[in-house]
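Trainee: Attaching a single structure in structure tokens format; questions to follow.
There are 2 protein chains.
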Amino acid sequence: MAESPLALEPLARVTLNDLAYARLKHALLSGRLEPGTTLTLRELAAQLGTSMMPVREAVTRLSAEQALTVLPNRGIKVPALDAGTAAELWRLRFLLEGDACAEAARHASTAELARIATLRDAVEAHGRGGDLYGVLEANSAFQFAIYEAARGPVALQFIEVLRMKSVPHCTAAIRGMLRERPAYFDECWVNHDALVDALMRRDAVLAREVKVRDLRALQALVDDASGAQP
Amino acid sequence: MAESPLALEPLARVTLNDLAYARLKHALLSGRLEPGTTLTLRELAAQLGTSMMPVREAVTRLSAEQALTVLPNRGIKVPALDAGTAAELWRLRFLLEGDACAEAARHASTAELARIATLRDAVEAHGRGGDLYGVLEANSAFQFAIYEAARGPVALQFIEVLRMKSVPHCTAAIRGMLRERPAYFDECWVNHDALVDALMRRDAVLAREVKVRDLRALQALVDDASGAQP
DNA sequence: AATTGACATCTGTGATCACAGGTGAATATA
DNA sequence: TATATTCACCTGTGATCACAGATGTCAATT
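Line by line, the protein sequences give chains Y and U. Heads up: the first sequence begins at 62 in my numbering, then just goes up one per residue. Heads up: the second sequence begins at 62 in my numbering, then just goes up one per residue.
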């Protein structure tokens, strides 16, 4: 067989299983599922218009990643985090997301940098508008644009898992603060600007530093909120 | 309801799915599956004495983690790594396994340290005996005893995923070196000793440093072997 | 009136069946 | 003899069916 000069990708086969997983992942990453929410396979299958089969493989996977918990004969639950697990998640987010930002500073193309800057603006716009899901969705898109630019598919997948577990745990606190003290988020916009700036200047060390600072602020917000009204 | 003084664990429900996953994971982590090996769902189901169902959920999961590749209508394959992915895996192993060793130095109980030291001896014994699967199995047990002592379940899972992808890629090189230049591994035993020593002295920085050195040596071995006879 | 008992219902799990699609060997053709 | 073509077989994927177990309701009993 002759070597094709096109070298086309093998054209990844997308199964209903993958599709179901992608949907649930997106729901978790964009804060639309909060701890305590319960689901059932049959209900999800009906919503997606398929049989239970693809849904249950997706749920099995998410349950293995501890992004969902399956109660035997009782349904599927978005788990609440105990303090120890939450602490470990923050630690790993500092480590992996910080590292990914450093790598992004090294590898991002100018087109990617431009796209990242655009997405940053969208986050701030939604944030000042005060709509929760808008800002969560936009923020997710902004962050993952950076992590994709880091050119590390394995690390990207780890970060997805971390955030699927972490985001639901943060949503309530963000909603409260967005309603009561929206000015609190000014610090976020500053950090976002600083991060984009570091990426554009190719300063890997600074990028990681800014990212960790940003995450630490979020952790403080969430810890305060859950400490105040548990 | 009265608070039970026993506070028993909820007794985790173990499904055939989990069992099948554990089996395949173990086969990958202990080097018994090498790149290029092909499997089928029906064959695995027959070996495990179940229907295809539990096996396929386990395989779906492993394929999502890219520890296995499923070729549409053609079977399941243990994937070979391209250079880019291999490099990223090494980078992440330095990061996460190094970090886990540092954490183990902080949190390991004396009982765990004793067990780790025992397992270290077993690795060296099998290594000097020259039997491949013995040393791989013992080494896996030794390393994971350390990572469990680090008290980070999420990080532990990430490390498992990394090694499921990395170990098959290393097996052939280790076999070759074990046969041709067994003295090469003396460096390993020294590193293992140094690692256990660092753990016992609670020196987190040193533990990470030794671990990274150990991994770097393994990477050099594997890269040399695959560069020599690709 | 409070407690206990049974039962109807709903859950995830596992098995079996049906199917589209890809492979490769055997066959027919030039 | 070399090439093209067909076709039987085997694969993963998806749907449907069967089942054990947990829950909560409702009635019978004390």
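Beta carbons: idealized from backbone N, C-alpha and C, even for Gly.
Determine whether the beta carbon atoms of U/A211 and U/A259 lie at a separation below 8 Å.
Mentor: Not a contact, by the Cβ cut-off of 8 Å.
Trainee: Helix, strand or coil for Y/M62? Go by DSSP, reduced to three states.
Mentor: Low confidence applies to Y/M62: its pLDDT is 36, below 50, so where it sits in the model is not reliable, and the reading given next is rough at best. Coil, per DSSP.
Trainee: Could you tell me if U/R154 is buried or exposed, where buried requires 16 or more neighbouring beta carbons within 10 angstroms of its beta carbon?
Mentor: U/R154 should be labelled buried.
Trainee: Can you tell me whether U/G92 is helix, strand or coil according to DSSP?
Mentor: If DSSP states are grouped into helix, strand and coil, U/G92 belongs with coil.
Trainee: If you measure beta-carbon to beta-carbon, which residues of the segment 103 to 128 of chain Y are closer than 7 Å to chain U?
Mentor: Those would be E118, T121, R122, A125, in chain order.
Trainee: Would you mind sorting Y/G191 into buried or exposed? The rule is 16 or more other CB atoms within 10 Å of its CB.
Mentor: Flag for Y/G191 reads exposed.
Trainee: I'd like the list of long-range same chain contacts for U/L77, defined as Cβ closer than 7 Å, with 5 residues on each side in sequence excluded.
Mentor: Once the five neighbours on either side are set aside, the close Cβ partners of U/L77 are T111, P115.
Trainee: Can you confirm whether U/L150, when its beta carbon is compared against all beta carbons of chain Y, has any partner nearer than 8 Å?
Mentor: At least one chain Y Cβ lies under 8 Å of U/L150.
Trainee: Are at least three pairs of beta-carbons, each pair with one atom in the segment 170 to 184 of chain Y and one in the segment 224 to 236 of chain Y, less than 8 Å apart?
Mentor: These segments do not touch.
Trainee: Is the CB-CB distance between U/V139 and U/G97 below 8 Å?
Mentor: Their beta carbons are under 8 Å apart, which means U/V139 touches U/G97 by this criterion.
Trainee: Is the CB-CB distance between Y/C162 and Y/A88 below 8 Å?
Mentor: No.
Trainee: Using a Cβ-Cβ cut-off of 6 Å (strictly less than) and excluding sequence neighbours within five positions of Y/A234, which residues of its own chain qualify?
Mentor: Excluding residues within five positions, the ones whose Cβ falls inside 6 Å are L282, V283, A286.
Trainee: Closest by CA to U/L337, which one among U/L239, U/D264, U/N200, U/R262?
Mentor: Coverage of chain U is limited to positions 62 through 291, which leaves residue 337 of chain U absent and any answer about it impossible.
Trainee: Suppose you measure from the CA of U/A206 to the CA of Y/G145; what does that come to, to the nearest Å?
Mentor: If you take the alpha carbons of U/A206 and Y/G145, they lie about 20 Å apart.
Trainee: Leaving aside the five residues before and after U/G159 along the sequence, list all residues of the same chain whose C-beta is less than 7 Å from its C-beta, in chain order.
Mentor: Same-chain partners within the cutoff: R269, K272, V273.
Trainee: Note down, in chain order, each residue of its chain lying with its Cβ closer than 6 Å to the Cβ of Y/R236, except the 5 sequence neighbours on either side.
Mentor: The residues are L193.
Trainee: Let me check one thing: in DSSP terms, what residues is U/G136 bridge-paired to?
Mentor: For U/G136, which the question treats as bridged, DSSP gives the partners U/L132.
Trainee: Can you check the segment 148 to 198 of chain U for any alpha helix (DSSP H) of at least 4 residues that lies completely inside it and give the ranges in chain order?
Mentor: 171 to 190, all fully within the segment 148 to 198 of chain U.
Trainee: What's the call for U/R240, buried or exposed, on a 16-neighbour Cβ count within 10 Å?
Mentor: Exposed: under 16 other Cβ atoms inside 10 Å.
Trainee: By how many angstroms is the C-alpha of U/E104 removed from the C-alpha of Y/M11?
Mentor: In the structure displayed, chain Y extends from 62 to 291; residue 11 of chain Y sits before or after that span and is not available.
Trainee: Strictly under 8 Å for the Cβ-Cβ distance: is U/V215 near chain Y by that measure?
Mentor: By this cut-off, U/V215 is an interface position.
Trainee: Suppose contacts are defined by Cβ-Cβ distances below 8 Å. Is Y/E118 in contact with U/T101 by that definition?
Mentor: No. Outside cutoff.
Trainee: Quick one, which residues of the segment 191 to 223 of chain Y are near chain U if we go by CB-CB under 9 Å, in chain order?
Mentor: So the close ones are R212, G213, P214, V215, A216, Q218, F219, V222, L223.
Trainee: Under a CB-based cut-off of 8 Å, is U/R74 close to chain Y?
Mentor: So, interface residue.
Trainee: Quick one, are the C-beta atoms of Y/H253 and Y/E185 less than 8 Å apart?
Mentor: Yes, the Cβ-Cβ distance between Y/H253 and Y/E185 is below 8 Å.
Trainee: Tell me which same chain residues have a C-beta within less than 8 Å of the C-beta of Y/E248, skipping the five on either side of it?
Mentor: Once the five neighbours on either side are set aside, the close Cβ partners of Y/E248 are A278.
Trainee: Can you have a look at Y/A125 and say buried or exposed, based on whether 16 or more other CB atoms are within 10 angstroms of its CB?
Mentor: Result: buried.
Trainee: When the distance is taken between beta carbons, is U/Y208 closer than 8 Å to U/L197?
Mentor: Contact flag unset, no.
Trainee: For Y/A244, is the classification buried or exposed, using 16 other Cβ atoms within 10 angstroms of its Cβ as the cut-off for buried?
Mentor: Exposed, because fewer than 16 other Cβ atoms sit within 10 Å of the Cβ of Y/A244.
Trainee: Among the residues of its own chain, which have a CB less than 8 Å from the CB of Y/A183, if the five just before and after it don't count?
Mentor: A199, A202, F203.
Trainee: CB U/I177 to CB U/V251, shorter than 8 Å?
Mentor: Their beta carbons are not under 8 Å apart, which means U/I177 does not touch U/V251 by this criterion.
Trainee: Which complete alpha helix (DSSP H) runs does the segment 201 to 238 of chain U hold, if anything under 4 residues is left out?
Mentor: The segment 201 to 238 of chain U contains no whole alpha helix (DSSP H) run of 4 or more residues.
Trainee: Here's a check: name, in chain order, each residue in its chain whose Cβ is nearer than 7 Å to the Cβ of U/A106, leaving out the five neighbours to either side.
Mentor: Taken in chain order, the residues that qualify are S112, M113, V116.
Trainee: So with Cβ pairs under 8 Å, would you call U/D160 a contact of chain Y?
Mentor: Chain Y, which has a Cβ nearer than 8 Å to the Cβ of U/D160, makes this yes.
Trainee: Let's see if you can read the secondary structure: which residues bound the alpha helix (DSSP H) around Y/D254?
Mentor: Its alpha helix (DSSP H) spans residues 247 to 261.
Trainee: Taking the alpha helix (DSSP H) that Y/T121 falls in, what are its first and last residues?
Mentor: Its alpha helix (DSSP H) spans residues 113 to 125.
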